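Student: Just so you know, the sequences run in chain order A and B. Under my numbering, the first residue of the first sequence is numbered 1092, with each subsequent residue one higher. Under my numbering, the first residue of the second sequence is numbered -12, with each subsequent residue one higher. Beta carbons are placed, not taken as given, at the ideal position from N, Cα and C, and that holds for glycine. Remember, it's a predicted structure, so these values are computed and weren't measured experimentally. Quick one: structure below, then a few questions.
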Amino acid sequence: MEIPHTVTPRPDTGLYNAKLAIWLFLASEVMLFGGLFSAYVFLRMGADDGYWPHGLLDVPVGTLNTILLIISSVCVVLAWASLKMRRWRQYQLFLGSAVALGTVFLVIKLSYEWNDKFHHFGTFIKKEKWSQYDQYLGNDYLAKKGLAPRPEITGHLHEVEVKVAPEKKAQLETLIKDRGLEISKSEEDGKALSIKVKGPSDAEALRNEPGVTIEAFEMALDEMYANPTDPKYDRPGFWKRHLSEKVATIKAEDVDSWSAFVPKHSSFLAIYYAITGLHGLHILGGLVMFVYFLFFDRALYLRNPEHMANRIEVVGLYWHFVDLVWIFVFPVFYLL
Amino acid sequence: MATAATTHSHDHGHGHDDHHDLGFWQKYIFSQDHKVIGIQYGITGLAFLFLGFCLMMIMRWQLANPGVPVPFIGPALQKLFPAIFSSDPNNHPGMLTADGYNILGAMHGTIMVFFGVVPVAVAAFGNYVMPLQVGAPDMAFPKLNMASYWTFFVSCVIMLSSFFVAGGPAKSGWTSYPPLSVISDSGPNVHPFFNGQTIWLLGMVFNITGSLLGSINTIATCIQLRAPGMTWMRLPFFCWTQLVTAFLLLLAFPPLEAAGFMQLMDRAFGTSFFIPTGLMVGGHLTHWSGGGSPLLWQHLFWFLAHPEVYVLILPAIGMVGEIIANNTRKPLYGYKAMVGAIFVLGFLSFVVWAHHMYMTGMGAKVSGFFQTTTVMISIPSVILVTALLLSLWGGSIRFTTPMLFATTFLPMFGIGGLTGIPLAFNSTDLYLHDTYYVIGHFHYVVAPGTIFAIFAGVYYWYPKACGRMMNDVLGRIHFWFSIIFINGIFFPMFLQGIAGVHRRWYDGGLTYDPIIKPVLHWNNFMSVSAFLLGATQLIFIFNFFYSIFRGRRVPNDNPWDATTLEWDTPTPPGHGNFTKPITVYRGPYEYSVPGADKDFTPQSEPPKSDKPAAASTPALAH
């Protein structure tokens, strides 16, 4: 039994089966990402003034990743053209370049962009306490200029002050030892215990420890919060913002919610991780297919080179789509 | 020509050579043959229909006898499912708990829609019949076809496994509305990941993925693998319905998959896509970052779940169309109008979803828009039913068992459809929303509608798949009891609903007795009908298995004297389907053509005048 039109197009539709199928698949992908992007619109429209961050992501790095993906798309087209001309070596070169570029994209995304977020820390200040923290938030200044307020103070978490129930002390000490933390100021007559932490994940561990209450956070501020009334922070900037020297102590009782820049931090980061995560999985899927066609599909090329070229055409259409999704992700998350 | 095709079963054509060396596993379990996969889908789906029915029977027991332990099997049920049953005040085991009632309701809906009806009506018949009807050797992508079945199978295992985790399966309705669904199944006694709701989401993600793969395959097959001469207007109506259905699945399911991912993130990573700021649970502020919207879930969910209604009904209409044409011995009335109608229906089904959300306070303008589109969608629906009804006019009707089920579909679907109109209007829906009226409405569409069409399809195509007919006497008994009891269940729901009985009262409304007393007695009647309907299905199950071995052998490859291509194959068809090259010369329903030799002319029969020329078989283009 042979299925018709696996390689040659059907005359009345002008398509071979897989080409029709990939277009259908891409239509469903449009709806999948469409669902997520509509969630983005919904969440952003519903966000209170100031609760949708701007300029949180690193624009130059995002630009670099955009360029990488576009070049890789061009490489895939050239790989397909090489197969059409039956030039195997050239095909390997171009598809190999696409694999390399896609891999670099993923490495940047995960080990730099995501990783950086996981170590960043933010505390949403309760609305009624904004005035107490105005030296960091600058909300009076912003209100005067008619700009959206800043509800959150961000930076790198250094120390956490905790209170511990006497009977849970031993447990806390084991946790400190297990995670390799340091006590910077021990507990004296009712005052809190200060623990030096390596990152927000240690604070999460303390939050989940029964009998331990977090009293305050000591964090190195992002430069915007060190000097919040500087007009250059009125608008989101292009270049990455650095940490300042300034350290602030924030009382836990003044905080609505706090966490690292992980999905649960805010709606923005939740939808950011959902879309870029799903997009990253698509990149990974594309790379796996590329590697298969590059190293394990030579037999098909020798038997039926046209079929092989069709495969690259189909996977190329997929790759262009994944690229196109990024073309939407980039402005929506990095620029708007 | 057509009768010459009778003895193909022993005549192994070229297509049969390659399946001799397939072992048992590749032939029957991990098969790439669309017919085997269709049967796999069918049997899995029918098993789930039965399971969903059993869940419903326990619920109906509780509604008729609130707080009374389930008789006979109660103790065993409580041992197996401690999250669903407990002991009554007199310490008799097997009483359905309030949580348990919610669990059964949620799982009944999920299983019936996503694991029962769609796999049978769309995947089983779509896989088995559609490629045969278009004259294809198999689906366009046999391996992908196998992958979709096994993805679906994994989703079945995942969903069933949720019955055995601490806390029991999902209990937030088949719609899984947040915030309830996001905060349910959490706490110290349940696993943070392996709990009912999270498993439900995971199962749905797999189920959706399987559906997507299958729908791509269906569309590609229908467009690319049509036999030479099978032009669009010669395509059997059933294939059209499968094509439109596949497009609905392809485009409507992904947003729910996206929503499923987001709810999974809400549950597993603590995001708050669907949790509003400042949510209080049990008098305490919850620890969510907030900023999410429960309405977002409802939009994404109904963006799938409304087209899903048409996914349930379109293949049913397709099957009914095939069977009515065959048994009235005349062409379908208004074939082209029907094809047009299902396209309009398919398109409009994407813009009516928020009529499920009138109660959410979307605002009068949005409600007005969706009210208008919803009323518009009744136009193509009425075209379809009217065309089928007019197809009966003047036909010499054979009341075979499939025809009994198919004709019954028309008034039943009619009741289901017409009772939907008050729900389309904002003002009447505010009163009827979430009452038994709604339950009655959509069950009339799906149960005596789609499921009866499924029965019709099983009786009709069974001889092609098994080479034997199902027992006719048992079939007729099955039909008459089913039609009586199924109306006994669903018709009183309208009466109860109009009186105001809410769909989620787990004691059958006992607490509200003074208000709804006049309709409360129906609970007993409906439950008895349900149990009797369950008993009736045993006849079908017996008939189904008995006939595989003892049924009357088919007299020839075309026992119903049908015109479409699936009857040109040997019985049952081997791997590769057709033993001769197939060319199509005419439309799908050439019944009782004046001047023809017989009262049916198969699509593959060449026109008389140029018979010698057509005998030279045109090669299939590859």
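Considering only C-alpha positions, which residue in the set A/G1126, A/I1244 and A/V1132 is nearest to A/K1342?
Tutor: Looking at the Cα atoms, A/I1244 is the closest of the given residues.
Student: Run the CB neighbour count on A/L1312, radius 10 Å, all protein chains shown included, and call it buried at 16 or more, exposed below.
Tutor: So A/L1312 counts as buried.
Student: Just to make sure I have the definition right: I need the residues of chain A whose C-beta is within less than 8 Å of the C-beta of B/H562. Which are they?
Tutor: Within chain A, the residues near B/H562 are M1092.
Student: Below 8 Å on the Cβ atoms is my contact criterion, and I expect B/P542 with B/M513 to pass it. Report the Cβ-Cβ distance as a whole number of Å.
Tutor: Rounded, the Cβ-Cβ distance is 43 Å, inconsistent with contact.
Student: Given a cut-off of 8 Å, decide if B/G305 and B/Q229 are closer than it, judged by their beta-carbon atoms.
Tutor: Cβ distance < 8 Å, so B/Q229 and B/G305 count as in contact.
Student: For B/G278, which residues in chain A fall below 8 Å Cβ to Cβ?
Tutor: Those within 8 Å of B/G278 in chain A are L1134, G1137, A1138, D1139, Y1142, S1357 and S1358.
Student: Which of helix, strand or coil does DSSP assign to B/M126?
Tutor: B/M126: coil per DSSP, three-state reduction.
Student: By Cβ distance below 6 Å, which residues in the same chain neighbour A/D1225 in space, the five residues on each side in sequence not counted?
Tutor: Within the same chain, A/D1225 has close Cβ partners D1231.
Student: Any chance the segment 295 to 310 of chain B sits against the segment 261 to 277 of chain B, with 3 or more Cβ pairs inside 8 Å?
Tutor: Cβ pair count under 8 Å is below three, so no.
Student: May I have the straight-line CA-CA distance separating B/E244 from B/T31, to the nearest angstrom?
Tutor: Straight-line Cα distance between these residues: approximately 22 Å.
Student: Applying the criterion that 16 or more other CB atoms from any shown protein chain within 10 Å of the CB defines a buried residue, is B/W380 buried or exposed?
Tutor: Exposed, since its Cβ has fewer than 16 Cβ neighbours within 10 Å.
Student: Can you tell me where the alpha helix (DSSP H) with A/I1374 in it begins and where it stops?
Tutor: Here the alpha helix (DSSP H) through A/I1374 covers S1358 to F1386.
Student: List the residues of chain B whose Cβ lies closer than 9 Å to the Cβ of A/S1348, in chain order.
Tutor: Under the 9 Å cutoff, chain B gives H274, W275, S276 and G277.
Student: So which residues of chain A does B/I203 contact, with C-beta pairs closer than 8 Å?
Tutor: The contacting residues are A1112, L1115, F1116 and S1119.
Student: Should B/H465 be listed as close to the ligand SAM, given that the test is whether its C-beta is under 7 Å from any heavy atom?
Tutor: This structure lacks the ligand SAM, and indeed carries no ligand of any kind.
Student: If you reduce the DSSP assignment to three classes, tell me which class A/H1411 lands in.
Tutor: Helix at A/H1411.
Student: List, in order along the chain, the chain B residues whose C-beta lies closer than 7 Å to that of A/M1122?
Tutor: L238, P241 and P242, listed in chain order.
Student: At 3 residues or longer, what runs of the beta strand (DSSP E) sit wholly inside the segment 1293 to 1325 of chain A?
Tutor: 1303 to 1313, all fully within the segment 1293 to 1325 of chain A.
Student: Which of helix, strand or coil does DSSP assign to A/A1239?
Tutor: Three-state result, A/A1239: coil.
Student: From B/H465 to B/V57, what does the alpha carbon distance come to, in whole angstroms?
Tutor: Taking the straight line joining both Cα atoms gives about 26 Å.
Student: Residues in the same chain with beta-carbon distance under 6 Å from B/S368, minus the five sequence neighbours each way, listed in chain order, please.
Tutor: Same-chain partners within the cutoff: G404.
Student: Consult DSSP for B/P599 and reduce its assignment to one of helix, strand or coil.
Tutor: Summary for B/P599: the model assigns pLDDT 49, below 50, so the residue's position carries little reliability, and this model does not support an answer.
Student: Could you give the distance in angstroms between the alpha-carbon of B/H1 and the alpha-carbon of B/V192?
Tutor: Residue placement at B/H1 is poorly supported in this model, since its pLDDT is 43, which falls under 50; the coordinates are not used for a value here.
Student: Which residues bound the beta strand (DSSP E) around A/D1347?
Tutor: Run containing A/D1347: V1346 to A1351, per the beta strand (DSSP E) assignment.
Student: Tell me the residue span of the beta strand (DSSP E) that contains B/V55.
Tutor: Where B/V55 is concerned, there is no enclosing beta strand (DSSP E), given that its DSSP letter is neither H nor E.
Student: Need the endpoints of the beta strand (DSSP E) that A/F1124 sits in, please.
Tutor: Note, A/F1124: premise wrong, no beta strand (DSSP E); alpha helix (DSSP H) at N1108 to G1137.
Student: Mapping the DSSP letters down to three states, classify A/A1283 as helix, strand or coil.
Tutor: Here A/A1283 sits in coil by DSSP.
Student: Does any CB atom of chain A fall closer than 8 Å to the CB of B/A127?
Tutor: True, the Cβ-Cβ gap to chain A drops below 8 Å.
Student: Should B/S259 be flagged as near chain A, meaning a C-beta pair shorter than 8 Å?
Tutor: Yes, contact with chain A.
Student: With a threshold of 8 Å between beta-carbons, can B/M249 be considered close to chain A, or not?
Tutor: Interface residue, yes.
Student: Mapping the DSSP letters down to three states, classify B/E244 as helix, strand or coil.
Tutor: DSSP places B/E244 in helix when its eight states are reduced to three.
Student: Which ranges does the alpha helix (DSSP H) cover as unbroken runs of at least 4 residues, wholly within the segment 398 to 455 of chain B, from first to last along the chain?
Tutor: DSSP runs (the alpha helix (DSSP H)) wholly in the segment 398 to 455 of chain B: 408 to 411, 413 to 419, 423 to 432 and 439 to 453.
Student: For the beta strand (DSSP E) that contains A/I1341, what are its first and last residues?
Tutor: Start and end: L1334 to K1342.
Student: By the 10 Å Cβ neighbour count, where 16 or more other Cβ atoms means buried, how is A/P1151 classified, buried or exposed?
Tutor: Flag for A/P1151 reads exposed.
Student: Quick check: is the beta carbon of A/W1411 nearer than 8 Å to any beta carbon in chain B?
Tutor: The sequence shown places His at residue 1411 of chain A, not Trp. False, the Cβ-Cβ gap to chain B never drops below 8 Å.
Student: Of the residues B/G25, B/M99 and B/I408, which one's Cα is nearest the Cα of B/A111?
Tutor: Out of B/G25, B/M99 and B/I408, B/G25 has the C-alpha closest to the C-alpha of B/A111.
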